[in-house]
Amino acid sequence: MKSAAARLGIPVLAVALSLAAGPQTDPRAEIVNLRRSTHPNFTRVVLDIGTLREYTFGELRDPGRIYVDVLQAKLNPLLQGQAYPVKADYISQIRISQKTVSTVRVVVDVDFSRVQSYRVYHLPDPFRLVIDVYPREGNGAAAADRPADKPSDKPAAPPDKTAPQVKRQVDPNDPNLNATSLARQLGLGVRTVVIDPGHGGPRPGTIGKSGLQEKEVNLAVALALQKLLREKAGLEAVLTRESDVDVSLEDRTVIANQKRADLFVSIHANAHRDRRRGGVETFFLNVSPDPSVVELAAAENATSTKNIGEMKTILQKIVQNSKVQESRGLAEKVQRNLVKALSQDLPSVRDLGVKGGPFWVLIGGEMPSVLVEISHLSNSREEAKLRTPRYRELAARGIFDGIMEYVHSLGKG
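Numbering-wise (this note's numbering), the sequence shown opens with residue 951 and increments by one.
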């Protein structure tokens, strides 16, 4: 099914991503400059890139660091390995380096005991990444840092009241705020979960060697998960389909948005050309260079009505997806608990990990979203397990436990 989709030129996101790359010999965008400035109530770092690129960020402790990884990027040789001291008692220095051949990492060395919050976002035309770090009250610039290498862009002017100020006055409508900041700084909880049983109607999905259809397995697990969420956790659980009907990929996240869902979980059963391959994996929305992920995405995306001409908008949605960090966290918790649950009935089940992937069904959701491949229907042993009520119940229980671990990590539930 996958190779046929590719041969027929089906307008899938995974295929479009490769076509969009064009004939460039070096697809990496160059980071040409790093600018920084220290103000009385925040420190700003600006990376001048000029081209839309995916980025991820996070924090590390002991010692405290905020890092940003820019993918498909290369560093101006003059910046390689540079460290810039900062005259602020909550930041010691800023470092930048070519982490891998295609990833540039920026590190801000901070004292988290003196940091109130931080914000990572981007600005268009030209593309710039911005890191703002806000100190706790009473901490600030020891002295004015040296001027930025060139004047700051007007769009990157000091933050107004919508930015996360020292008193944490956060505007939830600000699209530049990342989900970690919103969900955790605002103390958001989870009330509504939308569960998406993949495929349905005339679209059976993967069909196992013995004839078991993926759409049947997905719906059974989704119904069991819905029951657990309602009865065990008291959450509202909504299905994108409750019977054997066809729902378009695009409409599935529309349903989630209309229901104002806090989480979106799409349930699938995997397939692989190598029938010996089995295991469990969980995906969040991201661009992936992994050929196996691209191939899987091509199969899952085959019913999309989108075309290559919409590539720029699609890429912007992925890069601008403010829920990437929370989606990754949800995916990690679901994956860990799902493997643990299924191993009760299949001790040899493989943990294939958490990965980013360009799945249509995850695009457009306004909430943390994951796609779970609960096992391989193409593997005869796992297909046999997927036929049994016990294995399906264990799959639902594992996903449920992962969701609840995520809910508890927010300090709710």
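Even glycine gets a Cβ: it sits at the ideal position worked out from N, Cα and C. Given the structure is predicted, the values throughout are model-derived calculations rather than measurements.
Whose C-beta lies closer than 6 Å to the C-beta of residue i among residues of the same chain, with five residues either side of it excluded?
{"i": "ASP1420", "result": "Residue numbering for the chain in the displayed model covers 951 to 1363; residue 1420 lies beyond these limits and cannot be assessed."}
{"i": "TYR1341", "result": "ASP1295, LYS1335"}
{"i": "GLU1355", "result": "LYS1283"}
{"i": "THR1053", "result": "ASP1019, LEU1021"}
{"i": "VAL1195", "result": "GLY1150, GLY1151"}
{"i": "PRO1097", "result": "Low per-residue confidence applies at PRO1097: pLDDT is 36, beneath 50, and the placement is therefore not dependable enough to give any value."}
{"i": "GLU1250", "result": "In this prediction, GLU1250 has a pLDDT of 46, which is less than 50 and means its spatial position is unreliable; what the coordinates show is noted afterwards. Excluding residues within five positions, the ones whose Cβ falls inside 6 Å are PHE1309."}
{"i": "SER1042", "result": "ASP1059"}
{"i": "PHE1077", "result": "ILE999, GLY1000, THR1001, LEU1002"}
{"i": "ALA979", "result": "ILE999, THR1001, ARG1003, ALA1023"}
{"i": "ASN1220", "result": "GLU1323, HIS1326"}
{"i": "LEU1169", "result": "PRO1147"}
{"i": "ASP1301", "result": "VAL1289"}
Between residue i and the rest of its own chain, which residues show a CB-CB distance below 8 Å, the 5 nearest in sequence each way excluded?
{"i": "GLY1352", "result": "LEU1280, LYS1283, VAL1284, GLN1285, ARG1286, ASN1287, LEU1288"}
{"i": "SER1359", "result": "GLY1279, LYS1283"}
{"i": "PHE1062", "result": "GLU1009, ARG1011, GLY1014"}
{"i": "TYR1017", "result": "PHE1007, GLY1008, GLU1009, LEU1010, ARG1055, VAL1056, VAL1057, VAL1058"}
{"i": "LEU1344", "result": "ALA1291, LEU1292, GLN1294, ASP1295"}
{"i": "ARG1331", "result": "GLY1228, LEU1296"}
For the beta strand (DSSP E) holding residue i, just list the boundary residues, first then last.
{"i": "TYR1071", "result": "1065-1073"}
{"i": "GLU1323", "result": "1319-1326"}
{"i": "PHE992", "result": "992-998"}
{"i": "ASP1201", "result": "From DSSP, ASP1201 is part of no beta strand (DSSP E) but of the alpha helix (DSSP H) over 1199-1208."}
Taking all protein chains shown into account, decide if residue i is buried (16 or more other Cβ within 10 angstroms of its Cβ) or exposed.
{"i": "LEU1029", "result": "buried"}
{"i": "GLN1048", "result": "buried"}
{"i": "GLU1181", "result": "exposed"}
{"i": "ALA1190", "result": "Here residue 1190 turns out to be Thr, not Ala, going by the sequence shown. That one is buried."}
{"i": "ALA1163", "result": "For clarity, residue 1163 is Gln in the given sequence; the question names Ala instead. That one is buried."}
{"i": "GLN1066", "result": "buried"}
{"i": "THR1050", "result": "exposed"}
{"i": "ASP1212", "result": "buried"}
{"i": "PRO1074", "result": "exposed"}
{"i": "GLN1208", "result": "exposed"}
{"i": "SER1216", "result": "buried"}
{"i": "PRO1085", "result": "buried"}
{"i": "ALA1033", "result": "exposed"}
Would you list the one or two residues that DSSP bridges to residue i?
{"i": "VAL1041", "result": "A small fix is needed here, since residue 1041 is Ile in this sequence, not Val. Note: ILE1041 sits in a beta bridge opposite ALA1038, VAL1060."}
{"i": "VAL1144", "result": "VAL1188, PHE1214"}
{"i": "VAL1026", "result": "Note on residue identity: the sequence assigns Asn, not Val, to residue 1026. Partner(s): none; ASN1026 has no beta bridge."}
{"i": "ALA1219", "result": "Bridge partners of ALA1219: none, in fact."}
{"i": "TYR1005", "result": "VAL1020"}
{"i": "THR1050", "result": "THR1053"}
{"i": "ILE1010", "result": "The sequence given here has Leu at residue 1010, not Ile. ARG1015."}
{"i": "THR1232", "result": "VAL1304, VAL1322"}
{"i": "ILE1157", "result": "GLN1163"}
{"i": "ILE1081", "result": "VAL995, VAL1070"}
{"i": "HIS989", "result": "PHE992"}
Between which residues of its own chain and residue i is the CB-CB distance below 7 Å, once the five residues before and five after are set aside?
{"i": "SER1160", "result": "GLU1333"}
{"i": "ARG1337", "result": "LEU1162"}
{"i": "SER1277", "result": "PHE1234, LEU1235, PRO1318, SER1319, VAL1320"}
{"i": "SER1222", "result": "In the sequence as displayed, the identity of residue 1222 is His instead of Ser. Correct list, in chain order: HIS1326, SER1328."}
{"i": "ARG1141", "result": "LEU1185, GLU1186, ASP1212"}
Residue range of the alpha helix (DSSP H) that residue i falls in?
{"i": "VAL982", "result": "Looking at the DSSP string, VAL982 is not in any alpha helix (DSSP H), and its letter there is neither H nor E."}
{"i": "GLU1166", "result": "1164-1183"}
{"i": "ILE1016", "result": "Per DSSP, ILE1016 belongs to no alpha helix (DSSP H); it is in the beta strand (DSSP E), 1015-1021."}
{"i": "LYS1335", "result": "1330-1336"}
{"i": "ASP1351", "result": "1339-1359"}
{"i": "LEU1280", "result": "1274-1292"}
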